[in-house]
Amino acid sequence: MSTTVAAMPHILDPMYWIGQGGVFEHAVLPAILVIVFIETGLLFPLLPGESLLVTGGLLAAAGNPDIWVLAPAVTVVAILGDQTGYFIGRRLGPALFKKEDSRFFKKHYVTDSHAFFEKYGPVAIILARFVPFARTFVPAIAGVSYMRYPVYLAFDIVGGILWGAGMTLTGYLLGTKVPGITDHLELIIIGILFVSLLPAIFSAAKAYLSRRRNRAAEAPDDESALSLRNPD
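Going by the UniProt record's numbering, the letters in the sequence shown line up with residues 1 to 232, in that order.
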């Protein structure tokens with residue numbers, strides 16, 4: 001196992017859950033469905049997402065589970081999970097923003113997801129599928145915002161199909177078309193994690209640069225005010 005994957009928390013490593021010798025090695029399909037529902041529906045973001053689905057697709061290429069059961073099942077469960085998240089948001093309302101930090105929950109998960117939702121509007125329901133943390137909290141934010149349910153449902157179905165079926169079929173096609181790809185599964189997992197985190201990295205860098213520009217712009221004003229208070 002590579003150093004990078006070994007350093008990854010077990011809970012984020014799909015092989016820990018469904019790989020050879022994994023916790024649910026002999027129950028791959030139920031494990032994938034349960035993990036997808038928990039991540040998308042129960043506001044628990046610290047679980048594998050795209051990497052789990054692609055790994056599931058790669059395993060399906062070897063015959064277990066059946067891809068034509070896996071892809072539609074993941075799609076349906078992902079949509080049901082998001083519906084649960086939406087109604088949790090409707091139920092909790094603004095109290096969601098007041099939830100205290102814990103080991104598995106940080107306030108910035110909610111505030112960052114809210115900013116994502118405000119920026120992209122209804123399309124955020126689709127885009128969030130492919131962004132860690134946003135995937136978990138944007139449905140609840142939509143519920144808090146009382147987004148019209150028919151609109152939410154329509155975008156959620158599209159997102160569920162693109163993510164649920166799209167990611168599993170991607171893994172399946174890689175497994176059937178690229179000989180020996182499972183020998184490089186660790187590199188694939190690392191690559192998926194890196195790509196999925198790029199939006200968060202870009203957003204954090206953009207916010208950091210914005211804060212630096214604001215501080216730089218405020219500095220001359222502070223110096224001017226100081227010179228007025230202390231004239232030579």
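Even glycine gets a Cβ: it sits at the ideal position worked out from N, Cα and C. Note that this is a predicted model, so its numbers are computed, not measured.
If you check the CB distance, ALA71 and THR168 come in under 7 Å.
In chain order, TYR16 and TRP17 place their CB closer than 7 Å to the CB of VAL23, counting only its own chain and leaving out the 5 sequence neighbours on each side. In the structure shown, HIS114 falls within a helical segment according to DSSP collapsed to helix, strand and coil. If you look at ALA61, you'll find it in the alpha helix (DSSP H) that goes 50–61. Where GLN20 is concerned, there is no enclosing alpha helix (DSSP H), because DSSP gives it neither an H nor an E.
A Cβ-Cβ separation of about 6 Å places THR55 in contact with GLY171 under the 8 Å criterion. In the structure shown, TYR146 falls within a coil segment according to DSSP collapsed to helix, strand and coil. If you ignore the 5 residues before and after GLY160, its C-beta comes within less than 6 Å of the C-beta of THR75, ALA78 and ILE79, all in its own chain and listed in chain order. In the displayed model, GLY180 falls within coil according to three-state DSSP, outside both helix and strand. Three or more beta-carbon pairs separated by less than 8 Å are not found between the segment 19–39 and the segment 138–145, which leaves the two stretches without contact. Beta-carbon to beta-carbon, TYR86 and ALA140 are separated by about 7 Å, close enough to satisfy the 8 Å threshold.
With a contact defined as Cβ atoms closer than 8 Å, ALA124 and VAL138 qualify at about 6 Å.
Cα atoms of PHE37 and THR84: separation of roughly 9 Å, rounded to the nearest angstrom. DSSP places ILE126 inside the alpha helix (DSSP H), whose first and last residues are 124–127. Annotation for HIS10: TYR16 place their beta carbon closer than 7 Å to its own, counting only its chain and skipping 5 residues before and after.
A check of alpha carbon separations from ASP156 across GLY175, THR136 and LEU174 identifies THR136 as the nearest. Taking the CA atoms as reference points, ILE88 sits about 15 Å from ALA134. In the three-state DSSP reduction, ASN214 falls in the helix class (H, G or I). Per the coordinates, the alpha-carbon of LEU58 lies some 10 Å from the alpha-carbon of VAL178.
Around the beta carbon of THR40, 16 or more other beta carbons lie within 10 angstroms, which makes this residue buried. Annotated three-state conformation of ASP82 is helix, per DSSP. In the structure shown, PRO30 falls within a helical segment according to DSSP collapsed to helix, strand and coil. Sequence-distant Cβ neighbours of PRO48 in its own chain, meaning closer than 6 Å and more than five residues away, are LEU12 and PRO14.
Distance from the CA atom of GLY166 to the CA atom of VAL110, rounded to whole angstroms, is 26 Å.
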